[in-house]
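Chains as they are written, first to last, in full-length UniProt numbering: chain A, 1 to 686; chain B, 1 to 686.
Virtual Cβ for every residue (Gly too), placed ideally from N, Cα, C.
All figures in this text were calculated on a predicted structure; none of them were measured in a lab.
Working notes, structure below.
Protein chains: 2
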Amino acid sequence: MGSSVTAESTTDVLIIGAGPAGLMMATWMAKCGIKTRIIDKRGSKIFNGQADGLQCRTLEILDSLGFGTRAWQESNHMLEICLWNPDEQGTIHRSDRIPDTIPGISRFQQVVLHQGRIERWFLDCMSETSGLHVERGVLPTKLSIDESAVEDPDAHPITIHVRHLTEEEATPKQSSTSTNGQAVQDGLFRSNMSADDTAELIKVAELNKKANTEEIIHAKYVLGADGAHSWTRGQIGLKLEGESTDYIWGVLDIVPITNFPDIRMRCAIHSASNGSVMVIPRENKLVRLYIQLTTTEKTAAEGGSKADRSKIDPDVILQSAQRIMAPYTLTYRKLDWWTAYQIGQRVGTQFSAYERVFLAGDAVHTHSPKAGQGMNVSMQDSFNLGWKVASVLKGISSRSILKTYQSERRKIAQDLIEFDHKFSRLFSGRPAKDVMDEAGINMEGFKEAFVKGNMFASGIAVDYGASTIVAQPGDPANEGDGTDVAISDPKLRVISNQVLAPSIEVGKRIPSVKILSQADARPWHLQERLPSNGTWRVLVFAGDITQPQQKERIERIGAAFSDTEAFLTRYTGDKFGSVIEVLAIHNAPRHSVTIFEFPEVFRNFDPVDGYDYEKIFVDDVSYHEGHGEIYKNFGIVPEGCIVILRPDQYVSYVGSIDDVDAVDKFFSGFMLPATGRPVVKQVNGH
Amino acid sequence: MGSSVTAESTTDVLIIGAGPAGLMMATWMAKCGIKTRIIDKRGSKIFNGQADGLQCRTLEILDSLGFGTRAWQESNHMLEICLWNPDEQGTIHRSDRIPDTIPGISRFQQVVLHQGRIERWFLDCMSETSGLHVERGVLPTKLSIDESAVEDPDAHPITIHVRHLTEEEATPKQSSTSTNGQAVQDGLFRSNMSADDTAELIKVAELNKKANTEEIIHAKYVLGADGAHSWTRGQIGLKLEGESTDYIWGVLDIVPITNFPDIRMRCAIHSASNGSVMVIPRENKLVRLYIQLTTTEKTAAEGGSKADRSKIDPDVILQSAQRIMAPYTLTYRKLDWWTAYQIGQRVGTQFSAYERVFLAGDAVHTHSPKAGQGMNVSMQDSFNLGWKVASVLKGISSRSILKTYQSERRKIAQDLIEFDHKFSRLFSGRPAKDVMDEAGINMEGFKEAFVKGNMFASGIAVDYGASTIVAQPGDPANEGDGTDVAISDPKLRVISNQVLAPSIEVGKRIPSVKILSQADARPWHLQERLPSNGTWRVLVFAGDITQPQQKERIERIGAAFSDTEAFLTRYTGDKFGSVIEVLAIHNAPRHSVTIFEFPEVFRNFDPVDGYDYEKIFVDDVSYHEGHGEIYKNFGIVPEGCIVILRPDQYVSYVGSIDDVDAVDKFFSGFMLPATGRPVVKQVNGH
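Put into structure tokens, the structure is as follows:
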């Protein structure tokens, strides 16, 4: 064949790679109504292997996109970590149990599920929200940036050449993307193939229509979410920096046959001298075992530090596990997937070129899989980026906010690498025989690191530093990865007053407890009312509005926010709620007030739909689901406060209930007037 | 056209009518792997109107089928009932608030949702479980029963002639099935039409392939779930008995524009002299108003008791509502649906012919819609019937259990009629002006009836009497509707010992609290471990098995249940769990035991899948979801007990932990030996 027709087209956003990071970006674009294409060189999505843990924070994010419940229901829940160590005779025994998720930090707990299912929900959500589909079997071949146009909002400064592959070219030789993995299944056992993937498979057959054609795409923004060997990263000349270690690990996804009593718990097993195993129980009776390989020969290449992969197969890995877990027996009849890897930690030097081509996920950070962070941090990269790009494309925000992607996420990647480095070494080391054994790992120290690591691993600890969109004190350049994200006009800088609500921490995601809808008494988790649709939120904690001074305060806010010169009209246009949504949470007794006690900015009237009943909430006891006590739990002062939340649920600002000017100033720091803005297509809720 | 080819076919079960009762039956059949057809004369499913409340118990049932969460998420939750009455000046005011669902009776609360969505989930579930689809546009024309063959298990004694309609014939003139309703929507507002109904609409187009052909179907069992005007009922010569009243009600489904403060609450509004309104807030900003029409003229027909329907339209109904709700204003721009009806209560004299042709739902009971019972009781009819028919067809149970359908459900229908009768009259009456006003309704009495009615309306109070499958004391003929459902061999009768677990009430559905899986510490609601798949369950409450006497007890049970002469092998065959599943719930501290402390009957070993980790539970505190305290909450004695649950979660038996013979006897009363039984196709879990 060889010949090809060259088509040419434009798009606002082009996403390269349809793994979790790329799909998260695409889902944001769908939710925000942005013209987007997402391409992947592979001809079909993956069906096995590549399981991973979902952190608490990731589940909160998936829930904000509308499919947290699916994740929660289908996944295996990990509740307890059991630590197994050698006793004095060198025989392994359970030495400790700790909760896998720190109680109270989130309404979700860490779970495990096959990556293919997670991708499925993204695909469904994209399709239902805006009809966006992944174009598979599309290989990018060339990328160039017109540097002169990168600051022009109307320009398409990026040109990408792509080639539509034939089905044969697009089919990976193995169903795993791991370079050393191999799908080993018996033909009857396709644990992760689910009925609703059929449509996906049919799509593959459509590939060939365009096969062997070339296309030139002009894009305003590009995301390279194309994995550890990122083609996009190479095109824009960026690099990963870091190191690798000597430790070699094997991974088996099996249905175990064993008398080990904790096989359905997450376990860290340190044997006396045969290495370590981590047990990760999964869905469908599967268990993932991470098994340290202590007997693998090294190749002569790279100074003898590289493992000789030809010597590794599932039997070798299983035998290692059997030695480590003895005297317990372990075998299997069903093997779903296996691989082997050497630990390495690397992070990208830059996360974007000109804030036009961005990188996310494995393209900018790689590390060991055992801490269960990979997919989470990758998705959270583009969850951080997506709404920002959409907001700029829609003319809501200036391009200045885009620098915060690198300052916020590269910092996280660095923290992750450090965490993984420490954790991996502790896990791979031999347990100390006694206090004199300095070469060994102290098991009490390991437990402490595990407990401490749990907070990091939850994703809840993420704390974005001062910037245009986070009203923290401190030097914006020092708070992130060093990128300058200070506001251009210092007069517009706003600083939070954290003491008004100590537990609504500026820079972190807002925590969640239950509040009641004033209009119908229904309990909601606060986060359930903060869906990811690109909307900023101003939360007014109104206090007890049966008190005259609180009633006055809320009336003043109503008047100020309704002023046609003020930020709401200026940046939102006629229709409140489409760019910035205003919510009230009061703590008068529910029965003592109705929504009509609140100014109309909290219950917009629509001539067709009547009043909006969904913006006023109360901190009171529910009939069936207890009392969230949000004022008490968040430490909110009696006179209340005003909180600004980013579209990704992170806290931008906490300030006085009387300081409406600060709110106006905050938005003025990066928002652009609604006048003349293209019509906003808004996807509300989910 | 007119000409037709006559095809002939056989099926195990034919279901006539694809409303909630028919779909529930079909779903059971799909779950149990029974050869089934379900036909409906209409060409497409409904898209608007016909909303209804979902009781707590209905939500529990939907959850047991795998889609309780969808119902819970998509529906509008009703938390509070507000009672509005005239004050001394005759102006309406809020006089009381009561919880809409009694706290603590279920893990779900009453919700409201459009019937079309509920049907959607059934259709999805049927399709995913066994590929079963509704055949639409199929009209039954003739039904005959070969009386000589009704007791022959291999016979197909029922012959039904059906005609495949053309699309035109199958399209109802209005999208509501109400004979007096009318779909009035503006063209832009199809609130209840959802993307995933598209496939359904495409199916309609396929109707015409078979159009104008006739078919003769030979069935083993038939369910007539074809509504109040049931064709099936007429064919088998059964009747409804009851009465109707003078009260006329209008129904409006609107997006209200109003300053009435409780429009998002369920409200019962009694005006001084203009009649009553019930407010039922729904999904998508809709509100259903049941409005008493006090000004409608009667026709001369039927002695002047019949309302003149030609005088009723949405404006007339709205004006009535405006008079009742004054001084509050009420209007609308969006009208989704409307109808009007006269209250009437009727119940079928028999629920089946020869226990071969059954009737369910509106075909055997009609009543007013305001109590929100209709769809619930209809679905619960066939939820009661489905597993029984499947069990007989699979050769597991004798036909004797089929009589319990009428004894159990006709009793419920009678109770429902009585409840509705009382409730409707209270609701339709004029409030008493003072204590001397004997013709008026006492409003305190109304509130009391409402509170009491709430327990009935929850569906939780259902209590099936003594029979072959409920080991209660009492005369089986007197406990239900009068049908004789006594066990044929009196020596096999077993009587429960309720004091061993007072809150696991024999005849009622088992309540639910959280228990933890021993193997992985995951909290589950007990009911989540009782999915509707046709399986009976033996729950062994094992007590504290770290105590030697409890350990001995559980070992004895293990030995007795594993005996190849005993009921498990006799009725289940080789593979435990496919007909009767054995579960253990102990209350030793979770950390003090592992699953290996339990006999193998609680953790069956499979040579390919290893041990079963999902059958042993513990009553202990969880890390994140509290402590269910099942022993305390259910009042279980320290030495434990044995509980038998029907496949529909109703309690058959509570007895001594030492009396394994009683369990054997209980199953011997109606089960048939596994030897020679056709191979059982089991759909486990959901």
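Please report the residue range of the beta strand (DSSP E) in which residue i lies.
i	result
Pro523/B	523-525
Arg94/B	92-99
Thr10/A	6-16
Met265/B	Per DSSP, Met265/B belongs to no beta strand (DSSP E) and is neither H nor E.
Leu539/B	536-543
Arg282/A	No beta strand (DSSP E) holds Arg282/A; DSSP gives it neither H nor E.
Gln322/B	Unbroken run through Gln322/B is the alpha helix (DSSP H), 314-325; no beta strand (DSSP E).
Tyr290/B	287-292
Ala674/A	Note, Ala674/A: premise wrong, no beta strand (DSSP E); not H, not E.
Pro638/A	From DSSP, Pro638/A is part of no beta strand (DSSP E); its letter is neither H nor E.
Glu625/B	Counting along the chain, Glu625/B falls outside any beta strand (DSSP E), and DSSP gives it neither H nor E.
Gly224/B	214-224
Quick one: is residue i buried, meaning 16 or more other Cβ sit within 10 Å of its Cβ, or exposed?
i	result
Ile16/B	buried
Met671/B	buried
Phe667/A	buried
Glu151/A	exposed
Lys142/A	exposed
Gln73/A	exposed
Met482/A	First, the residue type needs correcting, since residue 482/A is Gly and not Met in the sequence shown. Gly482/A comes out exposed.
Val435/A	exposed
His93/A	exposed
Going by DSSP, what residue range makes up the alpha helix (DSSP H) through residue i?
i	result
Tyr487/A	In the sequence as presented, Tyr is not what sits at residue 487/A; that position holds Ile. Here Ile487/A belongs to no alpha helix (DSSP H), and DSSP marks it neither H nor E.
Leu393/B	374-393
Ile595/B	Premise fails: Ile595/B is in no alpha helix (DSSP H) and is neither H nor E.
Pro140/A	Taken as a continuous stretch (DSSP letters only), Pro140/A belongs to no alpha helix (DSSP H), being part of the beta strand (DSSP E) at 138-145.
Rounded to whole angstroms, what is the Cα-Cα separation between residue i and residue j?
i	j	result
Ala219/B	Gly534/B	21 Å
Ile105/A	Lys452/A	13 Å
Arg425/A	Val279/A	17 Å
Pro431/B	Lys35/B	55 Å
Thr179/B	Ile248/B	Model confidence at Thr179/B stands at a pLDDT of 31, short of 50, so the residue's coordinates are unreliable and nothing is read from them.
residue 698/B	Trp338/B	Shown here, chain B extends from 1 to 686; a query on residue 698/B therefore has no answer.
Gly665/B	Gly507/B	Checking the displayed sequence, the identity of residue 665/B turns out to be Lys instead of Gly. When rounded, the distance between both Cα atoms is 18 Å.
Glu119/A	Pro20/A	6 Å
Leu293/B	Val251/B	10 Å
Tyr354/B	Leu240/B	18 Å
Phe596/A	Gln550/A	15 Å
Which residues in the same chain have their Cβ closer than 7 Å to the Cβ of residue i, if we skip the five residues on either side of it in sequence?
i	result
Ala469/B	First, the amino acid is wrong: residue 469/B is Ile here, not Ala. Ile401, Thr404, Arg646, Ser652, Phe670.
Phe605/A	Tyr611
Between residue i and the rest of its own chain, which residues show a CB-CB distance below 8 Å, the 5 nearest in sequence each way excluded?
i	result
Ile417/A	Gly242, Gln345, Arg346, Val347, His365, His367
Ile263/B	Pro256, Val279, Pro281, Val287
In chain order, what residues of the same chain lie with their CB nearer than 6 Å to the CB of residue i, ignoring the 5 residues before and after it?
i	result
His77/A	Val111
### Query
When Cβ atoms are compared, which residues of the region 4-32 of chain B fall closer than 9 Å to chain A?
none
### Task
Could you run through the region 469-495 of chain B and flag, in chain order, every residue whose CB is less than 9 Å away from some CB of chain A?
none
### Query
What residues in the region 372-388 of chain A have a beta carbon less than 9 Å from any beta carbon of chain B?
none
### Message
Any C-beta of chain A within less than 7 Å: which residues of the region 610-630 of chain B qualify?
### Response
Gly610, Tyr613, Tyr623, His624
### Task
Taking only beta carbons into account, state which residues of the region 512-538 of chain A come closer than 7 Å to chain B, listed in chain order.
Ala519, Asp520, Ala521, Arg522
### Task
Identify each residue in the region 69-90 of chain A for which the Cβ-Cβ distance to at least one residue of chain B is less than 7 Å, and report them in chain order.
Thr69, Gln73, His77, Leu79, Glu80
### Task
Give the residues from the region 231-260 of chain A that approach chain B closer than 8 Å (Cβ to any Cβ), ordered along the chain.
Val255, Pro256, Ile257, Thr258, Asn259
### Task
Quick one: which residues of the region 439-463 of chain A get their C-beta closer than 9 Å to a C-beta of chain B? List them in chain order.
none
#### Entry: Selection of the region 112-123 of chain A by Cβ proximity to chain B, strictly under 9 Å
none
### Cβ-based contacts, 8 Å cut-off: residues of the region 581-596 of chain B near chain A
His591, Thr594, Ile595, Phe596
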